[in-house]
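Protein chains in written order, with the numbering used here: chain A, 868 to 1209; chain B, 868 to 1209; chain C, 868 to 1209; chain D, 868 to 1209. Glycine included, C-beta positions come from ideal geometry on N, C-alpha and C. Structure first, commentary second.
There are 4 protein chains.
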Amino acid sequence: MKRVRVGVAGATGYTGMELIRILKNHPNVEITFLSSRKTVGMNLKEIRPFIDLELTLEPLDVDRVVERCDLLFTAIPSGAFTISKDLVKKGVKLIDLGADFRFDDPAIHDEWYENKIENYGELKRVYGLPEVNRDEIKKADVVGNPGCYPTSVIIPLYPILREKMITENRIVIDSKSGTSGAGHNPREDLLFSEMEENLRAYRVLNHRHVPEMEQELSKIFGKDLRVHFTPHILPMTRGILSTIYLKTKFSCREEIYRIFMDYYSEEKFVRILKEGYPSTKWVRGTNNIMIGFELDEEDGTLVVLSVIDNLIKGASGQAVQNMNILFDLPEDAGLNLPSLYP
Amino acid sequence: MKRVRVGVAGATGYTGMELIRILKNHPNVEITFLSSRKTVGMNLKEIRPFIDLELTLEPLDVDRVVERCDLLFTAIPSGAFTISKDLVKKGVKLIDLGADFRFDDPAIHDEWYENKIENYGELKRVYGLPEVNRDEIKKADVVGNPGCYPTSVIIPLYPILREKMITENRIVIDSKSGTSGAGHNPREDLLFSEMEENLRAYRVLNHRHVPEMEQELSKIFGKDLRVHFTPHILPMTRGILSTIYLKTKFSCREEIYRIFMDYYSEEKFVRILKEGYPSTKWVRGTNNIMIGFELDEEDGTLVVLSVIDNLIKGASGQAVQNMNILFDLPEDAGLNLPSLYP
Amino acid sequence: MKRVRVGVAGATGYTGMELIRILKNHPNVEITFLSSRKTVGMNLKEIRPFIDLELTLEPLDVDRVVERCDLLFTAIPSGAFTISKDLVKKGVKLIDLGADFRFDDPAIHDEWYENKIENYGELKRVYGLPEVNRDEIKKADVVGNPGCYPTSVIIPLYPILREKMITENRIVIDSKSGTSGAGHNPREDLLFSEMEENLRAYRVLNHRHVPEMEQELSKIFGKDLRVHFTPHILPMTRGILSTIYLKTKFSCREEIYRIFMDYYSEEKFVRILKEGYPSTKWVRGTNNIMIGFELDEEDGTLVVLSVIDNLIKGASGQAVQNMNILFDLPEDAGLNLPSLYP
Amino acid sequence: MKRVRVGVAGATGYTGMELIRILKNHPNVEITFLSSRKTVGMNLKEIRPFIDLELTLEPLDVDRVVERCDLLFTAIPSGAFTISKDLVKKGVKLIDLGADFRFDDPAIHDEWYENKIENYGELKRVYGLPEVNRDEIKKADVVGNPGCYPTSVIIPLYPILREKMITENRIVIDSKSGTSGAGHNPREDLLFSEMEENLRAYRVLNHRHVPEMEQELSKIFGKDLRVHFTPHILPMTRGILSTIYLKTKFSCREEIYRIFMDYYSEEKFVRILKEGYPSTKWVRGTNNIMIGFELDEEDGTLVVLSVIDNLIKGASGQAVQNMNILFDLPEDAGLNLPSLYP
């Protein structure tokens, strides 16, 4: 059986750990390299005693990666770009869970993020949203794995925008995320005592996932689109629910359901609800996105609701899906993850 | 000192209990009557052992109320309307935490609720939102206490609509509520095992607080307004956060802050944040509403964020505020409730 | 590859759903029958939209089971006993997640449970705790799957009692359970609004898992043992932590660790911590039990701490482990479940 | 009306904030001084926007305190001892919420805590548990406010030990605490993502509240007592439940209830449950301790259950109770705090 030798940079963070959780049970994967900046030299099991993987955490060294890996996942704040050309030159593919490779225009990246992306040079780069860009992903050397919020937004909007069903190029997106999206670095405002019984918005109209969404949605639509985006954080660990408000030409529910099914009935990880609305718990632990909707038949206002597990379809699961595509494996290999209920 | 003799119908529910919690420490109130349909004859303390109030639960009998109360709070699913005329005729004021007295047009009530309101007859009825209708409340016999979502929406929109600052008469309202709004009757979908790590929308575009909001907002604005409203329920017991999206004429933050201060700087329970966004935990246990906002200066899109404790400013605290106005007491008597932090 | 045809009675409850979650991905299992008392005729997916299994819920009919199943799991309040003899006679094995088959003496069962177990007759019955009774399980027709609390208590005590290391035959057990142990039937005291920010004990010294623990612990010890057991329920969905207090002959930690390793180093689902204490989250979603301990070297008082996922090792996972033993499959087939972190 | 001028050192921590919450509404208190090490010069409201108190945070300077305060609460990690003699000499009373003044023997303090208490000198010091030491508190200059766990343990054991009803001088105490007891300093293991759906023990048999409990319990009993204590942390912000296991001479429940009532029927903050067990939510937001119990009539094993709000009766509320005693105010002044339900 085909085996891909895989490394994970940033192994002890939430997305790194989620990668390991998935890859350990993946039939075509061998984990051959783990790095973690702060805990070099320790065994993963000392830090995360619940994981049955006895591997030493190493420095993120290009030579080691080249020697041992066919593919490197980078789940690190920044630095993926720095090593990307060396890796690609030596035949290692790269899937970055950060933002280094999400933007067509590096200048937009640099405006919103601390690190600098001078130019992508000769890299065959792709925005890794399989439901939209599957064919490009197959040919890429470097995959910019999408952000969690953009994943929850672009998949449900793709059929509607492609079919030119909106009547106003301004979209209101109200998203709610669990706390794991903020990572595991200690912060007072993320303490249990602070977050329990608490809900708040942050970075209203000013989140760095906005340019990412606008780039992809505008490409799909063929014209510039504006997004008014408010993210919220709520007392829940995993899950994103995005509530999207659009002015459309639709006049009945059936029409909408049909378009969704036209695009997604064959997709392994997209579930369209004919009626009712999705709960985040239904996708917790899975690589699925579930989509529901409601139409105001009087004025065509459409409300689309999507849920994902932010650490899986919103990060590590989608990264593995991209790996499967890159290495010509079944797209759902290792991703047959049932939801944890209750 | 002035004493108001007060009864509570529906004492053992969440809003009934919250009324008792507040009224017990109110300097001008004596609780003289409690009713509860299912537990007649029991002592409140047998059912809710944490409350230091030894009162027997009685049937909701008009004669008893008339004999012992100056005011009755009705925190019951329906039936407030049935007894309202008898009570008012005999000099008892009524504050209803249900929906029987919220609508100017009883037909709209009847379209959305199970019970029927034939006509309000000679009752001096008012929609009891003090920040908007204070003068009318003073003269009323019967107060329709506002719904929780409408409270969180109408107070922040009042100055903006009154000043005619919107440019589109379609408002998107995305609200998130804790579970206590759904009451204490057992339901599988409200179990801890189901609600923890869960977030979902419900009654999208079709919640019965929509006609209530549209009625009040249209009156304030002077023209018909449409509301696109999506409520959500999240794993949190108390609190509502409403995120409101408007197209406006505003071109800078300062202008918005000034208008809010013009209307609300003297209000005891309204807090405007010059910057930053409010957290539900900041108002938990209080009668306050906190309001923050963000403006897209390019296109005038305004996002307003408001938080309340759904059981206090969204129900029982506001009812006590209405009582204070009705009986000419200081508006914050008994309502100096600090937030429970953390 | 070997295939076992399996039915689940009580499919829509929490343990039934957890069985299905595990069995669906089990390489040697085909789910051929589902029953659910209240929802006969519906498709499982209508009731639990997040599960990808299109099977109709049928009545619990012996003939259908005999025709289609090699094994029936019964995850139902009672009634497993009623059909057990018919099933066994016709060659169907039975694993009961209820209490019908846990007791050596049916009279003790009948004292603590509502239904009656007249006699076990000719059934080859076993108490299905693999770490203790593996050999008997292999030969059984009917397995009484252990209770969740007893599982968390008997596994850690087994080596200590077998080695006769205790000096007092009275054991204090203080257990804490998540809410999923109480099932999915609506109850006011299990609502999210009631359970969040709440912790309480229940059935102090009087829980029906006491006779089950005393039966098994006394057999292991060879003498009568008394258990003082207090269960608690806390605001968490999955997980049990049992804190066990014993007077022992031990004089140092190493001795204890060595005994645990002697018994359990080869066990697939038992993890002994050399130092530190286990967290429930480390086993959530897994079939593992993790055990830590601390010794008061002055007086030999030993505190043992164990954690399990109450729905997996405490119910459905252990049931599948028993199935694997019964059908001579690898004991961890289908049970390589990584913990969901965070 | 009598006014006490009060300062709070460590104002922005959880116990400091809770003191302010209570003192702000206390009829006999004026808050005249606030200190906070890290945020000197800022206004409290900038840091905690939900509190309506416009006071500047100052350095902890003895002269300022002497000039402006009759009493200083110290809610700081250490350092209370350093300034205590100067304050007392100049007529300022001190209530310390830390551990500097809890021990009769400073050497025991120094063994368990980082800072050093050389000798208490001429200070009139008391262990401030009003239900046990009320008369000594009246005469003290410096009050060592008890720890949260000891409060939850000593109050329920006091009558039983004083009456010499135990038959074994080894007591098992299994306590469970909310996260607020760990304070507001960021720590990875206290993040919401880590604590939700998590329960664990810590410092088993080795918590620094053990010597505090053993000191007080032994004094009450008149003989040395050993305590086997396991604290746990659970996904809940406020509340402690202690489950205490004792061997006693009792032969029936009534006897126990009678002794509890003999000691506590007049106490304002102690509630004895004749039957049933207390829930932490019943005391959340209050200064109450609720006590329930269960007896094994066969062997005299008694299980006592107590609940408190760790930040109130376990810290700041009890400190205010001590203040009321010190300044000859009604013991419940400012402490008529109803529980927040739900």
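### Query
Just by C-beta distance, which residues in the region 1131-1147 of chain D are closer than 8 Å to chain C?
Y1144, P1145, S1146 and T1147
### Three-state secondary structure assigned by DSSP to H1076 (chain D)
Taking the fourth sequence and counting its residues from 1, one reaches residue 1076 (chain D) at position 209. Helix, per DSSP.
### Query
Of all the options C:I887, C:L927 and C:N1203, which has the alpha carbon lying nearest to the alpha carbon of R915 (chain C)?
Taking the first residue of the third sequence as position 1, residue 915 (chain C) is located at position 48. It is C:I887 whose Cα lies nearest to the Cα of R915 (chain C).
### Task
Within its chain, find whatever has a CB closer than 7 Å to the CB of N1191 (chain B); leave out the 5 residues flanking it on each side and keep chain order.
On the second sequence, residue 1191 (chain B) is found 324 positions in, with the first residue counted as 1. P1197, E1198 and A1200, listed in sequence order.
### Message
Please give the ranges of any beta strand (DSSP E) in the region 1042-1125 of chain B, keeping only runs that are unbroken, at least 3 residues long and fully inside the region.
### Response
1093-1100 and 1107-1114
### Message
Using a 10 Å radius around the Cβ and a threshold of 16 neighbouring Cβ atoms, would you call R870 (chain D) buried or exposed?
### Response
On the fourth sequence, position 3 is the one that residue 870 (chain D) refers to. Exposed.
### Query
Using a Cβ cut-off of 9 Å, which residues of the region 898-926 of chain B contact any Cβ in chain D, in chain order?
R915, P916, F917, I918 and D919
### Where the alpha helix (DSSP H) through D930 (chain B) begins and ends
Here residue 930 (chain B) refers to the residue found at position 63 when the second sequence is read from its first residue. Counting along the chain, the alpha helix (DSSP H) containing D930 (chain B) begins and ends at V929 to R935.
### Query
Which of the three DSSP states, helix, strand or coil, is assigned to D1166 (chain B)?
The count along the second sequence starts at 1 and reaches residue 1166 (chain B) at position 299. D1166 (chain B): coil per DSSP, three-state reduction.
#### Entry: Span of the alpha helix (DSSP H) around L911 (chain D)
Counted from its first residue, the fourth sequence places residue 911 (chain D) at position 44. Taken as a continuous stretch (DSSP letters only), the alpha helix (DSSP H) holding L911 (chain D) covers L911 to I914.
### Query
What residue ranges within the region 931-1013 of chain B form continuous beta strand (DSSP E) runs of no fewer than 3 residues, ordered along the chain?
938-941, 960-963, 992-994 and 1009-1011
### Task
Check whether the Cβ of R1105 (chain D) lies closer than 8 Å to any Cβ atom in chain C.
Taking the first residue of the fourth sequence as 1, we reach residue 1105 (chain D) at position 238. So, interface residue.
### Query
Does E885 (chain A) get closer than 8 Å to chain D when you measure Cβ to Cβ?
Translated into the one-based positions of the first sequence, residue 885 (chain A) becomes position 18. Chain D, which has no Cβ nearer than 8 Å to the Cβ of E885 (chain A), makes this no.
### Query
P1053 (chain A) versus chain D: which residues are under 7 Å apart at the beta carbon?
Start at 1 with the first residue of the first sequence, and residue 1053 (chain A) comes out as number 186. Per Cβ cutoff of 7 Å: P1053, R1054, E1055 and L1058.
### Message
Please report whether the beta-carbon of E1081 (chain C) lies at a distance below 8 Å from any beta-carbon of chain D.
### Response
Residue 1081 (chain C) sits at position 214 when you count from the first residue of the third sequence. Chain D, which has no Cβ nearer than 8 Å to the Cβ of E1081 (chain C), makes this no.
### Message
Do P1098 (chain C) and S1042 (chain C) have their beta-carbon atoms positioned less than 8 Å apart in this structure?
### Response
Here residue 1042 (chain C) refers to the residue found at position 175 of the third sequence. Here residue 1098 (chain C) refers to the residue found at position 231 of the third sequence. Yes, these two residues count as a Cβ contact at 8 Å.
### Query
Cα separation between E1161 (chain A) and N1155 (chain A)?
Locating residue 1161 (chain A) in the first sequence gives position 294, where the first residue counts as 1. Locating residue 1155 (chain A) in the first sequence gives position 288, where the first residue counts as 1. Rounded to whole angstroms, E1161 (chain A) to N1155 (chain A) spans 20 Å at the Cα level.
### Query
DSSP beta-bridge partners for G1159 (chain C)?
Walking along the third sequence from the start, residue 1159 (chain C) turns up at place 292. DSSP, once it has assigned bridges, lists C:L1172 as partnering G1159 (chain C).
### Message
So with CB distances below 7 Å, who are the chain A contacts of D1041 (chain B)?
### Response
Translated into positions along the second sequence, residue 1041 (chain B) becomes position 174. The contacting residues are D1041 and T1110.
### Message
Give me the chain D residues within the contact set of P1102 (chain A), using Cβ-Cβ distance strictly less than 9 Å, ordered along the chain.
### Response
Along the first sequence, read from residue 1 onward, the residue named residue 1102 (chain A) stands at position 235. Those are F1059 and E1063, listed as they occur along chain D.
### Query
Can you find a C-beta in chain C that's less than 8 Å from the C-beta of S1044 (chain B)?
Position 177 of the second sequence, counted from the first residue, corresponds to residue 1044 (chain B). Answer no: the Cβ-Cβ gap between S1044 (chain B) and chain C never drops below 8 Å.
### Message
So, under 8 Å CB-CB, V873 (chain A) and C936 (chain A) are touching, yes? Tell me the CB distance rounded to an integer number of Å.
### Response
Residue numbering aside, residue 873 (chain A) sits at position 6 when the first sequence is read from its first letter. Residue numbering aside, residue 936 (chain A) sits at position 69 when the first sequence is read from its first letter. With 8 Å as the limit, V873 (chain A) and C936 (chain A) qualify as a contact, their Cβ atoms being about 6 Å apart.
### Query
Are any of the Cβ atoms in chain A nearer than 8 Å to that of P1205 (chain B)?
In the second sequence, residue 1205 (chain B) corresponds to position 338, counting from 1. No, P1205 (chain B) does not count as interfacial toward chain A.
#### Entry: Minimum C-alpha distance to E1035 (chain B) - residue among B:C1119, B:Y1112, B:G995 and B:A1007
Locating residue 1035 (chain B) in the second sequence gives position 168, where the first residue counts as 1. That would be B:Y1112, whose Cα lies nearest to the Cα of E1035 (chain B).
### Query
Using a beta-carbon distance cut-off of less than 9 Å, what residues from the region 1166-1186 of chain D approach chain C?
D1166, T1168, V1170, L1172 and V1174
### Task
Could you give the DSSP three-state label for I1021 (chain D): helix, strand or coil?
Locating residue 1021 (chain D) in the fourth sequence gives position 154, where the first residue counts as 1. If DSSP states are grouped into helix, strand and coil, I1021 (chain D) belongs with the helices.
### Query
Since S1044 (chain A) and N1177 (chain A) are thought to touch, with beta carbons under 8 Å apart, how far apart are those beta carbons, to the nearest angstrom?
As a first step, residue 1044 (chain A) is located in the first sequence; it is residue number 177 there, counting from the start. As a first step, residue 1177 (chain A) is located in the first sequence; it is residue number 310 there, counting from the start. Rounded, the Cβ-Cβ distance is 6 Å, consistent with contact.
### Message
Suppose the cutoff is 8 Å on Cβ atoms and the five residues either side in sequence are ignored; what does the same chain contact list for I1004 (chain B) look like?
### Response
Position 137 of the second sequence, counted from the start, is the residue given in the question as residue 1004 (chain B). The answer, listed in chain order, is V993, G995, P997, V1010, N1189, I1192 and L1193.
### Message
For F948 (chain B) and L964 (chain B), which I take to be in contact (beta-carbon distance under 8 Å), what is that distance rounded to the nearest angstrom?
### Response
In the second sequence, counting from the first residue as 1, residue 948 (chain B) sits at position 81. In the second sequence, counting from the first residue as 1, residue 964 (chain B) sits at position 97. About 13 Å; that fails the 8 Å criterion.
### Query
Any chance the region 968-978 of chain C sits against the region 905-921 of chain C, with 3 or more Cβ pairs inside 8 Å?
no
#### Entry: Own chain residues within Cβ distance below 8 Å of R839 (chain B), not counting five before or after
No information on residue 839 (chain B) is available, as it lies outside the stretch 868 to 1209 that chain B covers here.
### Query
Exposed or buried, K1116 (chain B), counting other C-beta atoms within 10 Å across all chains shown (16 or more means buried)?
Taking the first residue of the second sequence as position 1, residue 1116 (chain B) is located at position 249. With fewer than 16 other Cβ atoms within 10 Å, it is exposed.
### CB of L901 (chain D) within 8 Å of CB of P1053 (chain A), strictly
As a working note, residue 901 (chain D) is residue 34 in the fourth sequence. As a working note, residue 1053 (chain A) is residue 186 in the first sequence. No; because the gap between Cβ atoms is not below 8 Å, this pair is not in contact.
### Query
Can you tell which of A:D928, A:A942, A:P926 and A:T906 has the C-alpha that lies nearest to the C-alpha of G1181 (chain A)?
Translated into positions along the first sequence, residue 1181 (chain A) becomes position 314. Nearest C-alpha to G1181 (chain A): A:A942.
### Message
What does the alpha-carbon distance come out to for the pair E1063 (chain D) and I1022 (chain A)?
### Response
By one-based count along the fourth sequence, residue 1063 (chain D) stands at place 196. By one-based count along the first sequence, residue 1022 (chain A) stands at place 155. If I take the Cα positions, the gap works out to 29 Å.
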